[in-house]
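*Asks:* First to last, the sequence lines map onto chains P and D. Here the working numbering is used: the first sequence runs in plain steps of one and ends on residue 123. Here the working numbering is used: the second sequence runs in plain steps of one and ends on residue 175. Glycine included, each C-beta is placed from N, C-alpha and C at the ideal position. Please read these numbers as outputs of a predicted model, since none were measured by experiment.
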Amino acid sequence: DAGITQSPRHKVTETGTPVTLRCHQTENHRYMYWYRQDPGHGLRLIHYSYGVKDTDKGEVSDGYSVSRSKTEDFLLTLESATSSQTSVYFCAISDSWGGKLFFGSGTQLSVL
Amino acid sequence: ELKVEQNPLFLSMQEGKNYTIYCNYSTTSDRLYWYRQDPGKSLESLFVLLSNGAVKQEGRLMASLDTKARLSTLHITAAVHDLSATYFCAVDTGDGGATNKLIFGTGTLLAVQP
Numbered sequence: 012d013a014g015i016t017q018s019p020r021h022k023v024t025e026t027g028t029p030v031t032l033r034c035h036q037t038e039n040h041r042y043m044y045w046y047r048q049d050p051g052h053g054l055r056l057i058h059y060s061y062g063v064k065d066t067d068k069g070e071v072s073d074g075y076s077v078s079r080s081k082t083e084d085f086l087l088t089l090e091s092a093t094s095s096q097t098s099v100y101f102c103a104i105s106d107s108w109g110g111k112l113f114f115g116s117g118t119q120l121s122v123l
Numbered sequence: 062e063l064k065v066e067q068n069p070l071f072l073s074m075q076e077g078k079n080y081t082i083y084c085n086y087s088t089t090s091d092r093l094y095w096y097r098q099d100p101g102k103s104l105e106s107l108f109v110l111l112s113n114g115a116v117k118q119e120g121r122l123m124a125s126l127d128t129k130a131r132l133s134t135l136h137i138t139a140a141v142h143d144l145s146a147t148y149f150c151a152v153d154t155g156d157g158g159a160t161n162k163l164i165f166g167t168g169t170l171l172a173v174q175p
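#1: Name the chain P residues whose beta carbon is nearer than 8 Å to that of D:V109?
#2: Could you check the C-alpha separation between D:Y149 and D:L126 for me, to the nearest Å?
#3: Any contact of the segment 104 to 123 of chain P with the segment 19 to 35 of chain P, i.e. 3+ C-beta pairs under 8 Å?
#4: Helix, strand or coil for D:L144, going by three-state DSSP, please let me know.
#5: Considering just the uninterrupted stretch of the beta strand (DSSP E) at D:K117, what are its terminal residues?
#6: Could you tell me whether the Cβ of D:L122 comes closer than 8 Å to any Cβ of chain P?
#7: Starting from P:L56, find everything on chain D with Cβ-Cβ shorter than 7 Å and list it in chain order.
#8: By Cβ distance, which residues of its chain are closer than 6 Å to D:V152, with the 5 residues on each side in sequence left out?
#9: Work out the CA separation of P:I15 and D:G101 for me, nearest whole Å.
#10: Checking contacts by CB at 8 Å: is P:Y100 closer than that to chain D?
#11: Between P:I104 and P:Q48, is the Cβ-Cβ spacing less than 8 Å?
#12: Hey, how far is the Cα of P:T93 from the Cα of D:V116?
#13: I'd like to know whether the C-beta of P:F85 is nearer than 8 Å to at least one C-beta of chain D.
#14: Quick one, which of P:S76, P:I57, P:G62 and P:D67 has its alpha-carbon nearest P:Y100's?
#15: Write down the C-beta distance between P:N39 and P:T82 rounded to the nearest angstrom, noting that I regard them as a contact closer than 8 Å.
#16: Alpha carbon to alpha carbon, what distance is there between D:W95 and P:H52?
#17: Rounded to a whole number of angstroms, what is the C-alpha to C-alpha distance between P:C102 and D:Q98?
#18: Measuring only between beta-carbons, confirm whether P:G62 sits less than 8 Å from chain D.
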């Protein structure tokens, strides 16, 4: 998967707990993205980053925060997980503005 | 607000047949992407279409973009079982330039039967 590692691959957590998902890339790509995938919705952009410490909101950013302190790592935090955040989360990277995306393997998150 | 609609949502076709998946979007954009996803797997980039009239082909798949009609098509020629997957189109929300904010369609599940 183009040098992208997502961790954990699966997580079950309880409502109200904070959760952090990690995306690590070895491609030195500038742009990194977090998407969520839900049945009937396709993929929806949560946040993205266009460089270290530079991030922007996507379509469904409420309840999520991100951080990028190094080129290779992009963290997604659910500040207080809710059942509506049960989803499959994909990290993606690209090496150019508007270029094609390379996706990680995904994290299946269940919030009970 | 940009909306992206794919049809059909589910397509069952026989090996050897041809078919087309349609991707319509609601506001002006000139950047469209096609991705493939196998069950339980990640997404793989198929095509990037960057201008009106763009046509890209790889193997049995051909994608085209008509920005005036706000329509992209993914044509499958002589389908084989290996093409069974879910296909997504995604449209950049920018008009005249990339924003890196893509809106995805809900996907077309393609099942190729022997």
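*Replies:* Working from what's here:
#1: Numbered from its first residue, the second sequence carries residue 109 of chain D at position 48. The answer, in chain order, is G110 and K111.
#2: Taking the second sequence and counting its residues from 1, one reaches residue 149 of chain D at position 88. Taking the second sequence and counting its residues from 1, one reaches residue 126 of chain D at position 65. A small fix is needed here, since residue 149 of chain D is Phe in this sequence, not Tyr. The alpha-carbon separation between D:F149 and D:L126 amounts to approximately 14 Å.
#3: Contact check between the segment 104 to 123 of chain P and the segment 19 to 35 of chain P: three or more CB pairs, one atom from each, fall below 8 Å, which counts as touching.
#4: As a position in the second sequence, residue 144 of chain D is number 83, starting the count at 1. The three-state secondary structure of D:L144, taken from DSSP, is helix.
#5: Within the second sequence, the letter at position 56 stands for residue 117 of chain D. From DSSP, the beta strand (DSSP E) with D:K117 extends over V116 to E119.
#6: Your numbering for residue 122 of chain D matches position 61 in the second sequence. No, D:L122 lies away from the interface with chain P (no Cβ there is under 8 Å from its Cβ).
#7: The residue given as residue 56 of chain P occupies position 45 in the first sequence. Within chain D, the C-beta atoms nearer than 7 Å to that of P:L56 come from K162 and L163, in chain order.
#8: For this step, residue 152 of chain D is matched to residue 91 along the second sequence. Within the same chain, Cβ atoms closer than 6 Å to the Cβ of D:V152 are found at V65, Y86, S90, L93 and I164, the five residues on either side in sequence being excluded.
#9: Numbered from 1 along the second sequence, position 40 holds the residue referred to as residue 101 of chain D. Numbered from 1 along the first sequence, position 4 holds the residue referred to as residue 15 of chain P. Those two C-alpha atoms are separated by around 17 Å.
#10: For the purposes of this step, residue 100 of chain P is identified with residue 89 of the first sequence, where counting begins at 1. Nearest CB-CB separation between P:Y100 and chain D: not below the 8 Å threshold.
#11: Numbered from 1 along the first sequence, position 93 holds the residue referred to as residue 104 of chain P. Numbered from 1 along the first sequence, position 37 holds the residue referred to as residue 48 of chain P. No, these two residues do not count as a Cβ contact at 8 Å.
#12: To locate residue 93 of chain P, count along the first sequence from 1; it is residue 82. To locate residue 116 of chain D, count along the second sequence from 1; it is residue 55. Each residue's alpha carbon lies about 43 Å from the other.
#13: Walking along the first sequence from the start, residue 85 of chain P turns up at place 74. Not a single C-beta of chain D is nearer than 8 Å to the C-beta of P:F85.
#14: Numbered from 1 along the first sequence, position 89 holds the residue referred to as residue 100 of chain P. The residue with the shortest Cα to Cα distance from P:Y100 is P:I57.
#15: Here residue 39 of chain P is taken as the residue at index 28 of the first sequence, counted from 1. Here residue 82 of chain P is taken as the residue at index 71 of the first sequence, counted from 1. So it is a contact: roughly 6 Å between Cβ atoms.
#16: As a first step, residue 52 of chain P is located in the first sequence; it is residue number 41 there, counting from the start. As a first step, residue 95 of chain D is located in the second sequence; it is residue number 34 there, counting from the start. Cα to Cα, the separation comes out at about 16 Å.
#17: As a first step, residue 102 of chain P must be located in the first sequence, where it is residue number 91. As a first step, residue 98 of chain D must be located in the second sequence, where it is residue number 37. It is roughly 14 Å from the alpha-carbon of P:C102 to the alpha-carbon of D:Q98.
#18: On the first sequence, residue 62 of chain P is found 51 positions in, with the first residue counted as 1. With 8 Å as the cut-off, P:G62 does not count as an interface residue toward chain D.
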